[in-house]
Amino acid sequence: MGVSVTIIVLIISLHLLAFVFAIGAERRRSEAKVVPDEYDERTFCVYTTDASTVYGVAAFSLLLLSQTVLNAVTRCLCCGKGLISGCSTTCAVIFFILSWTGFLAAEACLLAGSARNAYHTKYRGNFVAHDLSCATLRKGVFAAGAALTLFSMLASILYYWAHAKADTGFWEKHQNEGIGLATHNHGPESDKP
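Using our numbering, read the sequence shown as starting at 28 and increasing by one per residue.
Spelled out as structure tokens, the structure:
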């Protein structure tokens with residue numbers, strides 16, 4: 028298997044789109060303010076837009092799609108054809124582990140940030156306190172997801188390149204094996220007339 032420019036462009040594009048959505052989610056985190064109720068002395072939290080939840084879920088989905096494409100092409104390192112033993116295979120295994128580590132960490136940040144932001148924006152509590160503090164998503168959760176998305180992109184590209192270099196393919200693996208009909212003995216010497 029050779030390195031396909033189409034696969035590399037697809038993986039980079041999906042990762043970069045996920046990065047852009049993660050940055051958008053960080054910039055559009057919901058803010059909250061305490062508002063008094065006009066009919067009684069209760070106060071409640073009013074949250075701004077829920078856009079960062081949508082951006083976070085979009086980044087999560089794009090990153091998942093990119094990892095699915097990569098692992099479908101390379102057959103997840105363990106289900107494909109044999110790899111030539113050597114430095115390329117070692118690099119492929121290392122970058123495979125780094126790719127999955129970055130992917131899982133980025134997905135955890137994006138999913139947790141989206142879930143927490145959705146919870147906060149849908150939550151509307153009535154309190155009788157005067158110094159009410161409205162909970163919001165901690166700053167930097169989506170930014171961490173964006174940084175881990177870039178790390179995952181780099182590890183994925185290096186994994187794909189090392190895997191393509193170490194992939195033997197069926198023909199190269201079996202090219203020296205012959206059918207062997209000419210050298211095979213078909214029976215004992217006494218059977219000949």
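Here a beta-carbon is modelled for each residue, glycine too, at the ideal position from N, C-alpha and C.
For the alpha helix (DSSP H) that residue i lies in, which residues bound it at each end?
i: V168; result: 168-193
i: Y82; result: 78-101
Please state whether the Cβ-Cβ distance between residue i and residue j is less than 8 Å.
i: T80; j: A145; result: yes
i: S126; j: L41; result: no
i: M180; j: I39; result: yes
i: A86; j: F130; result: no
i: G113; j: G140; result: no
i: A78; j: C161; result: no
i: A193; j: S115; result: yes
i: A99; j: L110; result: no
i: F134; j: L91; result: The sequence shown places Glu at residue 134, rather than the Phe named in the question. In contact: E134 and L91 (Cβ atoms closer than 8 Å).
i: C136; j: L177; result: no
i: Y187; j: T117; result: no
Could you pull the start and end residues of the beta strand (DSSP E) that residue i belongs to?
i: Y74; result: 70-74
Where does residue i fall in DSSP's three states?
i: V21; result: Any property of residue 21 remains undetermined from this structure, which presents the chain solely from 28 to 220.
i: V32; result: helix
i: I50; result: helix
i: C161; result: coil
i: R56; result: coil
i: Y146; result: helix
i: N153; result: Because N153 sits at a pLDDT of 48, beneath the cut-off of 50, its placement in the model cannot be relied upon, and the following sentence gives the value as read from the coordinates. Three-state result, N153: strand.
i: H201; result: Reliability of the predicted coordinates at H201 is poor, the pLDDT of 46 falling under 50, and no value is obtained from them.
From the DSSP secondary-structure annotation, give me the bridge partner or partners of residue i.
i: L110; result: D194
To the nearest angstrom, how far is the alpha carbon of residue i from that of residue j?
i: F122; j: V30; result: 16 Å
i: W198; j: I34; result: Its pLDDT being 43, under 50, W198 is placed unreliably by the model, and nothing is read from it.
i: F71; j: V61; result: 6 Å
i: A170; j: A191; result: 32 Å
i: G83; j: S183; result: 21 Å
i: L43; j: R69; result: 45 Å
i: R151; j: V73; result: At R151, the pLDDT of 49 sits below 50, so the modelled position is not reliable and the matter cannot be decided from this model.
i: L138; j: V168; result: 10 Å
i: T76; j: V32; result: 39 Å
i: E53; j: A132; result: 16 Å
i: I124; j: C103; result: 11 Å
Let me check you understand the geometry: is the CB of residue i closer than 7 Å to at least one non-hydrogen atom of the ligand FMN?
i: L89; result: Only the bare structure without any ligand can be found here, which leaves the ligand FMN out of the picture.
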